[in-house]
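Numbering (this note's numbering), first residue to last: 11 to 292. Ideal Cβ positions, reconstructed from N, Cα and C, are used throughout, including at glycine.
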């Protein structure tokens, strides 16, 4: 221990320089957008490669479970297709995240989850698809069970996404049975549940009511499954329910997801910019 202290004292100038350098870099990346984006993209590229190598090994031991899930899903889809007429097809398939795309507004890119966290205040998900595959920032991520997250950073081969389990993100949602709009936000505690806010007391809700995406954003189509109402209460002196939603996606068992590209997003953003500029001018 005495030798360690002697070493630190003799080399204190080097360690002081190193500390100041780290602090300087932290300020540069936190308060300069260009440097911050460059850092995140470089970090995503490196960590993506590491995660992909590690995942390729562990994935071998997951093949049995994945094949079982795919077989069960295919069996359910085949049963629904065989036993339902055209007028009943979509209601029978509501537990899957299929979206009518006759208009060609959306394109889906399949991706493998190579890293995922659920026990942090701000959780992220890493995918093995990037800009070479058409993945871009602000594209939604879903699974066969429901909503997963949104892409934030992209490299040629990998992408990093904000998970639903992130306190910095609010999702435009609605109750499926009556169309009442609300906002979904994770409370940072349990990966199985999130809170639904802005639902007024006059709206009739029940445990088990389905919660889906509202379609009021350019990230997700309308009707993507989010979860079901697990519990609710009416706080004294408030106007809105406290609603706990049980998420449909099992974030601890994510394997494959789909990234959603809204083909009209550029046109939508351009129109919204015009409206914002006009409002600001007034």
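Check whether residue 162 and residue 140 have beta carbons under 7 angstroms apart: no
Are there three or more Cβ pairs, one per stretch, closer than 8 angstroms when the stretch 180 to 192 is compared with the stretch 267 to 284? no
Note down, in chain order, each residue of its chain lying with its Cβ closer than 6 angstroms to the Cβ of residue 275, except the 5 sequence neighbours on either side. 228
In this structure, does DSSP put residue 180 in helix, strand or coil? coil
Return yes when the Cβ of residue 156 is within less than 7 angstroms of the Cβ of residue 241, no when it is not. no
Taking the alpha-carbon positions, what's the residue 223 to residue 199 distance? 22 angstroms
Which value, in whole angstroms, describes the spacing of the CA atoms of residue 237 and residue 178? 19 angstroms
With C-beta atoms as the reference, is residue 146 less than 7 angstroms away from residue 266? no
Less than 7 angstroms separating the beta-carbons of residue 269 and residue 149? yes
Distance, Cα to Cα, residue 253 vs residue 217? 10 angstroms
Using only the alpha-carbon positions, how far apart do residue 13 and residue 30 sit? 25 angstroms
Near residue 160, which residues of its chain fall below 8 angstroms by C-beta distance, leaving aside the five closest residues on each side in sequence? 148, 149, 150, 151, 171, 172, 179, 229
Whole angstroms are fine: how far does the CA of residue 19 sit from the CA of residue 26? 11 angstroms
Within 10 angstroms of its Cβ, does residue 120 collect 16 or more other Cβ (buried), or is it exposed? exposed
Please state the DSSP three-state secondary structure of residue 207. strand
Quick check: what's the CA-CA separation for residue 206 versus residue 33? 39 angstroms
By Cβ distance below 7 angstroms, which residues in the same chain neighbour residue 117 in space, the five residues on each side in sequence not counted? 271, 273
Only counting the same chain, and skipping five residues up and downstream in sequence, which positions put a Cβ closer than 8 angstroms to that of residue 310? Because the chain here runs from 11 to 292, residue 310 falls outside it and cannot be looked at.
Quick test of your reading: residue 133 and residue 176, contact by CB under 8 angstroms. State the CB separation rounded to the nearest angstrom. 5 angstroms
For residue 249 and residue 210, what's the separation of their Cα atoms in angstroms? 6 angstroms
Inter-residue spacing [alpha-carbon to alpha-carbon] between residue 225 and residue 194: 13 angstroms
Of the choices 154, 262, 214, 23, whose alpha-carbon is the least far from that of residue 201? 262
Looking only at DSSP bridge pairs, what is residue 122 linked to? 266
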